[in-house]
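Visitor: Next up is a structure, given as structure tokens.
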Amino acid sequence: VQRSIAVAACLLAWVLLVGTAAADETCNSPYIAKLIKGQEDYVYVWTLGVEGVGDGSDKLVTIDVHPKSKTYGKVLGSVSVGTRGEAHHMGFTDDRRFIWAGGLAEPKIYVFDIATDPARPRLVKTIGDMADKTGYLGPHTYYALPGRMLVQALSNTRDKGGVTGMALYNSKGEFIAAYPMPTEGGGDGYGYDLAVNPKKNILLTSSFTGYTNYMRPLGELVKDPEAMKKFGNTMVAWDLKAMKPTKVFSVPGAPLEIRWSLNPADNWAITAAALTSKLWLVKQDQGVWQAKEVGTIGDPAKIPLPVDISITRDGKGLWVNTFMDGTTRYFDLSNPEAPRQTYEKVTGKQINMISQSWDGTRLYITSSLLANWDKGGADNEQFLRAFAWDGKELKPAFEVDFAKERLGRAHHMKLGSRALKSP
Amino acid sequence: VRLRAAALAAWLIGAAAPVLAHDVTPLPALDYEPPAPGTYTLHRIMAAPDGEVLDLDGRPQRLRTFTRERITLLGFVYTTCVDPDGCPLAYRVFDALRHAVGDRPGLRDKVRLVTLSFDPERDTPAAMRAYAGTRTTERGLGVPWHFLTTRSSRALAPLLEGFGQDVRSPRGLSNARSRSELSHVLKVFLIDRDGFVREVYSSTFLHPRTVLNDIETLVMNP
């Protein structure tokens, strides 16, 4: 019995400590007008530095993904930021000229120019005032608004717990305002992802946990029952214009990535709760926004751990990556009230991020979750794997071995195009 | 060959002709109830930049002349733009606001509209005058609408940079419909009396009702 409890505790800890990632070509902010709807040329990979591997620093890696290129499937270069801060997510500015990226272990935001030469991003600015201006730590989601960037943090500098908020910057990197996550009316104050539906003037946020948990060694955490309680169980609807919370939803089990359907006729969003392995739908019911459980991912008893989702451009399908079993699943979302799994494939020993091209025929998958929680030994594969999807089968296209290339742990991805070059 | 050349020339001329009559039919109603004016905060996003512009008579002016003392709604356009979610949308919204603001005595002397070209090569003062039509001379509504351009791309560049307004030529873009088409993200800027940008609208958030609410909010809470 003790062994069973220990195993369960470990699995739960894996679940709770997941730091997943979000966004790809179908999951960008609706304010980004320059979506790549043809063949992408590059995949930018925000990569965690590993001590003793290369320079050991976090870096933005550029990979050539154009099938007709002589360097198809090869690393074109990388830009190191000179420190190791648990690189995690990134996001485009509204004009898609810059990528903002950051780490969960520090309050810094790195700004890369990808417009001057899309094949060779340059680090052009480091924004270091988030902690001083807001008290927030661990910038996570970077969501473009017109002329601005809304940054969702995961933690705070006061106690490094999960109570946090959003920081608003202008696109030049100058701080504008802070918006704390609600701690009243059922709110737990935690944050994770954010996503906007401008047609309805609604912003949705989800919730995870703070620095003291996501950076803490697993062995310590599972022995600390109080710490194990400190994970998010809520989503929040905000009046986007007013930036005020309007409703807190009870969504147990750390709801993570949020995806609004891109179908113009739809006004619903979907998310996956990591702890419970459930899909949740957020939509209006007789004019009132509601969140309800609509599906199950794998066998929750086996803790498959959904860590990233990617919605198709028509809102009819959803890819789900589960870390523990290294499985990529496809759900038919024709009826978002009842998602139905129609395909699955093991795509790695550990997998995290999944990004798809606009037409859905190309998928990219990376391996790393968090530096301290990636698997060990031979299971610690670090890669970007590309696949072709014909609607029936995922077929391998190429792979970049991030360990062999001495780059680090491959995490978040964004697509690039040479056609987006601008002065 | 001559016919082809003539056809090509005619096509190019036609493609680059200013759009004189944008659609000004009313936009669909909002699909949500926006917050009431004065119940929310419009933060200072950034200072509006200054630089030299040309009025419809070709006279050089400072842009700050058109971004101070009144609440200003400023949008970049180019007159050959035909993307319905681009410049024509801004034109429709500006036209609707001209009437909505003009109908409110408490607002009409506090607001101006500014349309600034980011295509100085084609949008000469004469082209802008043709584009403006009667909009600048219909004083009855009481809301000034200024149509401006610049002397050159060099004069325009610091304004684009200052506002964070990107624009690219179609070269290399497979989806550009003609050589006169410029690629840009539509942005409209709401500027307070002191010259600070307080809101930026893209096509997905640009609607006369929300802009009017924001103007009223700035009047209530400068």
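As given, the protein sequences belong to chains H and L, one line each in that order.
Heads up: the first sequence at position 146 corresponds to 146 in the working numbering, and the numbers run straight through without jumps.
In the working numbering, each residue carries its 1-based index in the second sequence increased by 423.
Quick reminder that beta carbons are idealized off the backbone N, C-alpha and C, glycines included.
1. For Y31 (chain H), return the contacting residues in chain L, with the cut-off set at a CB-CB distance below 7 angstroms.
2. Could you list the residues in the stretch 453–479 of chain L with a C-beta less than 7 angstroms from some C-beta on chain H, going in chain order?
3. The stretch 95–121 of chain H: which residues have C-beta closer than 7 angstroms to a C-beta of chain L, in chain order?
4. With distance defined between alpha-carbon atoms, name the residue in L:L530, L:T502, L:F517 nearest to L496 (chain L).
5. With A500 (chain L) and A513 (chain L) assumed to form a contact (beta carbons below 8 angstroms), what rounded beta-carbon distance in angstroms separates them?
6. CA-CA distance, G437 (chain L) and T503 (chain L)?
7. Can you name, in chain order, every residue of its own chain whose Cβ lies under 7 angstroms from the Cβ of D615 (chain L), other than the five neighbours on each side?
8. Around the C-beta of A471 (chain L), are 16 or more other C-beta atoms found within 10 angstroms, so that it is buried, or is it exposed?
9. Give the residues from the stretch 576–590 of chain L that approach chain H closer than 7 angstroms (Cβ to any Cβ), ordered along the chain.
10. With 8 angstroms as the C-beta to C-beta threshold (strictly closer), list the residues of the stretch 148–174 of chain H near chain L in chain order.
11. Rounded to whole angstroms, how far is the Cβ of I36 (chain H) from the Cβ of L415 (chain H), which I believe are closer than 8 angstroms?
12. Taking the Cβ atom as the reference point for each residue, do Y31 (chain H) and D94 (chain H) lie within a distance shorter than 7 angstroms?
13. Could you tell me which chain H residues have their CB closer than 7 angstroms to the CB of K533 (chain L), listed as they occur along the chain?
14. Mind checking T406 (chain L): buried by the 16 CB within 10 Å criterion, or exposed?
15. Starting from D64 (chain H), follow the beta strand (DSSP E) in both directions and report where the run begins and ends.
16. To the nearest angstrom, how far is the alpha carbon of G315 (chain H) from that of F612 (chain L)?
17. Is S373 (chain L) helix, strand or coil when you go by DSSP?
18. To the nearest angstrom, how far is it from the Cα of G135 (chain H) to the Cα of L150 (chain H)?
19. Which residue wins for smallest C-alpha separation from Y190 (chain H), given the options H:S155, H:H66, H:V50?
20. What would DSSP say about R487 (chain L), mapped onto helix, strand or coil?
21. From H:Q284, H:G173, H:A272, pick the residue whose C-alpha is nearest to that of A237 (chain H); which is it?
22. Listing by chain order, which chain H residues have their CB less than 8 angstroms from the CB of T633 (chain L)?
23. In chain L, what lies closer than 7 angstroms to A265 (chain H) by C-beta?
24. Using three-state DSSP, classify T633 (chain L) as helix, strand or coil.
25. For P180 (chain H), go through chain L and note every residue whose CB falls closer than 9 angstroms to its CB, in chain order.
26. For the pair the stretch 74–92 of chain H and the stretch 110–125 of chain H, tell me if three or more CB-CB distances fall below 8 angstroms.
27. Looking at chain H, is there any beta carbon in it that lies within less than 7 angstroms of the beta carbon of V608 (chain L)?
28. Below 7 angstroms between beta carbons: does that hold for S128 (chain H) and R84 (chain H)?
29. Quick one: does R594 (chain L) have its CB under 7 angstroms from some CB of chain H?
30. Going by beta carbon distance, what residues of the same chain come within less than 7 angstroms of V623 (chain L), once the five residues before and after it are set aside?
31. I'd like the span of the beta strand (DSSP E) that includes A87 (chain H), first residue to last.
32. For M643 (chain L), collect the residues of the same chain with a Cβ closer than 7 angstroms to its Cβ; drop the 5 residues on either side in sequence, then sort them by chain order.
33. For Q588 (chain L), does the count of other Cβ atoms within 10 angstroms reach 16, so buried, or fall short, so exposed?
34. If you scan the stretch 220–282 of chain H from start to end, which runs of the alpha helix (DSSP H) of 4 or more residues do you find wholly inside it?
35. I believe I275 (chain H) touches G253 (chain H) by the beta-carbon criterion, under 8 angstroms. Please report the beta-carbon distance rounded to the nearest angstrom.
36. So which residues of chain L does I176 (chain H) contact, with C-beta pairs closer than 7 angstroms?
Guide: On the basis of the supplied data:
1. S625, T627
2. D454, Y455, P457, P458, T462, Y463, H466, I468, M469
3. D95, R97
4. L:F517
5. Looking at the sequence provided, one finds Val at residue 500 (chain L) rather than Ala. The pair is a contact, with the Cβ atoms about 6 angstroms apart (cut-off 8 angstroms).
6. In this prediction, G437 (chain L) scores a pLDDT of 38, lower than 50, which makes its location untrustworthy; the coordinate-derived value is nonetheless stated afterwards. Their backbone Cα atoms lie some 10 angstroms apart in a straight line.
7. I494, R621, L641, P645
8. buried
9. G587, D589
10. R148, L168, N170, S171, K172, E174
11. 5 angstroms
12. yes
13. Simply none; closest approach about 21 angstroms.
14. There is simply no residue 406 (chain L) to check, as chain L begins at 424 and stops at 645 in what is shown.
15. 59–64
16. 32 angstroms
17. Not covered by the structure: residue 373 (chain L). The range shown for chain L is 424 to 645.
18. 15 angstroms
19. H:S155
20. helix
21. H:Q284
22. K241
23. By Cβ distance, chain L contributes nothing, its closest Cβ being about 12 angstroms from A265 (chain H), past 7 angstroms.
24. helix
25. The contacting residues do not exist; P180 (chain H) stays about 14 angstroms from chain L at best.
26. yes
27. yes
28. The identity of residue 128 (chain H) in the sequence shown is Gly, whereas the question assumes Ser. No, the Cβ-Cβ distance between G128 (chain H) and R84 (chain H) is not below 7 angstroms.
29. Summary for R594 (chain L): the model assigns pLDDT 45, below 50, so the residue's position carries little reliability; its value from the coordinates is reported in the next sentence. False, the Cβ-Cβ gap to chain H never drops below 7 angstroms.
30. I468, K610, F612
31. 87–92
32. P460, G461
33. buried
34. 225–228
35. This sequence places Leu at residue 275 (chain H); Ile is not what is there. 3 angstroms between Cβ atoms; contact.
36. H466, I468
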